[in-house]
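Here the structure comes first, spelled out in structure tokens, and everything after it is commentary.
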Amino acid sequence: MAPVLEVSGLSTVFHTRTGTVRAVQDVSFSVEPGETMAVVGESGCGKTMMALSLMRLIPSPPGEITAGSVRVAGTDLLKLDEPTMRDMRGSQIAMIFQEPMTALNPLLTVGKQIAEMVTLHEKVSGRAAKERAVEMLHHVKIPEPRRRAGEYPHQMSGGMRQRAMIAMALACKPKVLIADEPTTALDVTIQAQVLDLIDDLRQELGTAVVLITHDLGVVAEVADRMIVMYAGRKVEEGTVAELFAHPRHPYLQGLLNSVPRVGQPKRLQEIAGTVPPLSNLPPGCAFAPRCPSAVAQCRDAIPPLDEKRPGHRAACWVT
Amino acid sequence: MLLEVNDLRKYFPGRGGFFGKTPDPVHAIDGVSFAIQEGKTLGLVGESGCGKSTVGRSILRLIEPTAGTIRFEGTDITRMPSKEMRNLRKRMQIVFQDPYSSLNPRRRAGDIVAEPLLVHGVENRTERRAKTQALFERVGLRAAQMDLYPHQFSGGQRQRISIARALALGPKLIVADEPVSALDVSVQAQVINLMMDLQEQEKLSYLFISHNLAVVEHVSHQVAVMYLGRIVEYAATKRIFERPLHPYTQALMAAVPMPDPANRRRKQHLGGDVPSPVNRPKGCHFHPRCPLAQERCRVEDPMPREVEAGHQVACHLV
């Protein structure tokens, strides 16, 4: 199948008083319809900035997308003027956030907000848009959708709000859904419900999902392929099954060995040190100062992304 | 037993009474009993609002419990006057979740760690400095970092400072309230390993409060699962993870995403929301979400029963 989202050479910088911060550097990937691509990394690795760049929601200034292209069904979003881009958001590419209140208006009922989204993108009557809102709430398994449509966000629980935000994001059946840590703020039993829901909708509507998370458990449960980001760069890429079985970058190896697993009690392997600030990256491989296998070359030059096994690429001089 | 908690209760006064009517109290903890042995860890798991943090704070009497007893090293401390209690706090300490808000940003890391020493009468400056330096080294920080301020440390290092401060007076028990939840995955392992090493060296006991089952399994000898102010299941770690008996414990374990794509399977997940302690369901609190609930569960509170040696479950159907 042809990919519906193609990101190529994306670079985003922030101009600050103390200099230029390279938040995203030369990131490329593609996602097919109905596929879930996970973007994995720790705080400060640039994964959220990458997501906001895809939506062209980077605050500018100080932010600036300096290179690359973001194609949705062939159209390069980075070349569109702002009004056209506004049409694309919601109808072609939509985003959900960790905290639903960043996307929901506290002063409007949930039903009204979803209906507004529909009337913005489609030529439908107000009544039809309202009907669609109720239908979407039903779709995301909110009980009593007609009554709930008349409620304000604060009247709903966290899990319910997350569903309402998903209903709004998917109301116009976008081709691409970007989910930025959609379950991080939720309890585990609610997280499981929301992940199931996103997965069902993906299958039903054929949406391509970009799932941004730091939780390797979530990745293993729902994603098909994954990219690993470290300090603004993609350092590893492949199918989830392949990367979990044969991680090649010492960073991913370290991450996989540092998470405790139910039923496997053994001493956890630590990764020394912490993620470097993006404003002060070491020359060469950004992971080298924390890497147990680093050699002199790692400190001098940035390693290229090489194919280590079929369909599995990693940026490491050593492994 | 180092710590014995019996039928602990904490009710907060309700808010927003209507027309002078006294509102119902919020039952944050509703009859919780457990014990911790010297050198062992009890993991307290549950979702938000289940009362696990309130239990941790009540034990240290940072919150005054409404009823029940807390015995520490054999002494009943539930109604101990605050002056004596202050002395006892040398032996029981707490580490909080957020290392960003639990350290005073205007004080140097060394002074933060030295403060308990000062409060509890180590008057000599050089002696304090030497002790602080030893504490820094014990938690994997360098003595040179004593003069830095909290913002100059990463999240994991700040949690090390919190742990050093908690260790300053040689405690027997540390209540650790979600100590690694705010940390990056790669840093979590450092702090967990440090806490386990310290336990071995100092014969420390932990009450380890967390929502993360995998972390709890890793660090605990015993586990208590809480739901809406009550312990629903309580057993040795190995037993509860191999054979969870309460439907809530089973659902909780099924909901944890496992970092193992080879074993991916679509599981039956629990419906409904975590209810609020303000408006608790009657009977078994879990019955509205329970796939097995029967008529009896809707009306009658299940009492914790020992179903096999050392394994307690509060469920009518087990």
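Sequences listed follow chains A and B, in order. Residues 1 to 319 (the working numbering) are what the first sequence spells out, left to right. Residues 1001 to 1318 (the working numbering) are what the second sequence spells out, left to right. Ideal Cβ placement from N, Cα and C applies to all residues, glycine included. All figures in this text were calculated on a predicted structure; none of them were measured in a lab.
Along chain A, in chain order, which residues have C-beta atoms closer than 7 Å to that of residue i?
i       : result
P1261/B : A220, V240, A241 and F244
G1156/B : T274
R1264/B : A220 and E221
P1257/B : D215, G217, V218, A220 and E221
L1252/B : V188 and T189
Under 7 Å between C-beta atoms, does residue i make it to chain B?
i      : result
T274/A : yes
T207/A : no
L268/A : yes
D200/A : no
I271/A : yes
E42/A  : yes
A192/A : yes
P260/A : yes
S279/A : no
D224/A : no
S157/A : yes
D196/A : yes
With 7 Å set as the bound, which would you pick, yes or no: does the beta-carbon of residue i sit closer than that to a beta-carbon of chain A?
i       : result
Q1145/B : no
A1214/B : yes
A1114/B : no
N1193/B : yes
L1270/B : yes
V1274/B : yes
H1285/B : no
D1184/B : yes
Q1190/B : yes
E1217/B : yes
Less than 7 Å between C-beta atoms, sequence neighbours within five positions excluded: which residues of the same chain meet that for residue i?
i       : result
Y1227/B : G1046, C1050, Y1248, H1285 and F1286
H1027/B : Y1011, G1229, P1277 and R1280
E151/A  : T109 and V110
E1242/B : none
P3/A    : S30, V31 and E32
I302/A  : G284 and C285
V1274/B : E1047, S1048 and G1049
Can you tell me whether residue i is helix, strand or coil according to DSSP?
i       : result
V262/A  : coil
L216/A  : helix
N257/A  : helix
G1049/B : coil
S28/A   : strand
R248/A  : coil
R1142/B : coil
H1311/B : strand
F1096/B : coil
V194/A  : helix
I1240/B : helix
V235/A  : strand
N1006/B : strand
M1258/B : coil
Y1234/B : strand
Leaving out five residues before and five after residue i in sequence, what residues of the same chain have Cβ atoms less than 6 Å from its Cβ?
i       : result
S8/A    : S28, G68 and S69
M95/A   : M55 and I178
K112/A  : none
Q1188/B : V1180
R163/A  : V140 and I142
T184/A  : Q98
A1176/B : V1095, Y1206 and F1208
I'd like the list of long-range same chain contacts for residue i, defined as Cβ closer than 8 Å, with 5 residues on each side in sequence excluded.
i       : result
P1171/B : K1090, R1091, M1092, Q1093 and L1204
L1117/B : R1128, K1131, T1132, A1168 and L1169
H121/A  : D87, G90, S91 and C172
I1231/B : V1032, S1033, F1034, A1224, V1225, P1304, Q1312 and A1314
For residue i, return the contacting residues in chain B, with the cut-off set at a CB-CB distance below 7 Å.
i      : result
S293/A : Neighbours of S293/A on chain B: none; closest Cβ ~16 Å, over 7 Å.
L255/A : V1185 and S1186
Going along chain B in order, which residues have a C-beta closer than 8 Å to the C-beta of residue i?
i      : result
D187/A : E1047, S1048, H1211 and V1274
So that I know if they touch, is there some Cβ in chain E lying closer than 7 Å to that of residue i?
i       : result
Q1159/B : Reference to chain E is not applicable here, since the protein chains of this structure are A and B.
Name, please, each residue of chain B whose Cβ falls closer than 9 Å to the Cβ of residue i.
i      : result
D180/A : Neighbours of D180/A on chain B: none; closest Cβ ~17 Å, over 9 Å.
G46/A  : The premise fails here: G46/A is roughly 14 Å from chain B at the closest Cβ pair, so nothing lies under 9 Å.
Taking Cβ-Cβ distances shorter than 9 Å, what residues in chain A pair up with residue i?
i       : result
F1241/B : V262 and G263
Following a CB-centred definition, is residue i positioned closer than 6 Å to any heavy atom of the ligand COA?
i       : result
E1127/B : The ligand COA is not among the ligands present in this structure, which contains no ligands whatsoever.
Subject >> Stretch-stretch touch, CB-based, cutoff 8 Å, three pairs: the segment 1110-1117 of chain B with the segment 1161-1180 of chain B >> reply: Counting Cβ pairs under 8 Å, three or more are found: they touch.
Original post:
Quick one: any contact between the segment 259-278 of chain A and the segment 301-316 of chain A, if contact means 3 or more CB pairs under 8 Å?
Top reply: No, because fewer than three Cβ pairs between the segment 259-278 of chain A and the segment 301-316 of chain A fall closer than 8 Å, the two stretches do not touch.
Original post:
Is the number of C-beta pairs between the segment 71-85 of chain A and the segment 145-164 of chain A that are closer than 8 Å three or more?
Top reply: They do not touch, by the three-pair rule.
Original post:
When the Cβ atoms of the segment 203-211 of chain A are set against those of the segment 10-25 of chain A, are three or more pairs found closer than 8 Å?
Top reply: No, because fewer than three Cβ pairs between the segment 203-211 of chain A and the segment 10-25 of chain A fall closer than 8 Å, the two stretches do not touch.
**OP:** Inspect the CB distances between the segment 31-50 of chain A and the segment 228-237 of chain A and report whether three or more fall short of 8 Å.
**Re:** Yes: at least three Cβ pairs fall under 8 Å.
Original post:
Between the segment 1249-1261 of chain B and the segment 210-222 of chain A, do three or more beta carbon pairs fall short of 8 Å?
Top reply: Yes, the segment 1249-1261 of chain B touches the segment 210-222 of chain A.
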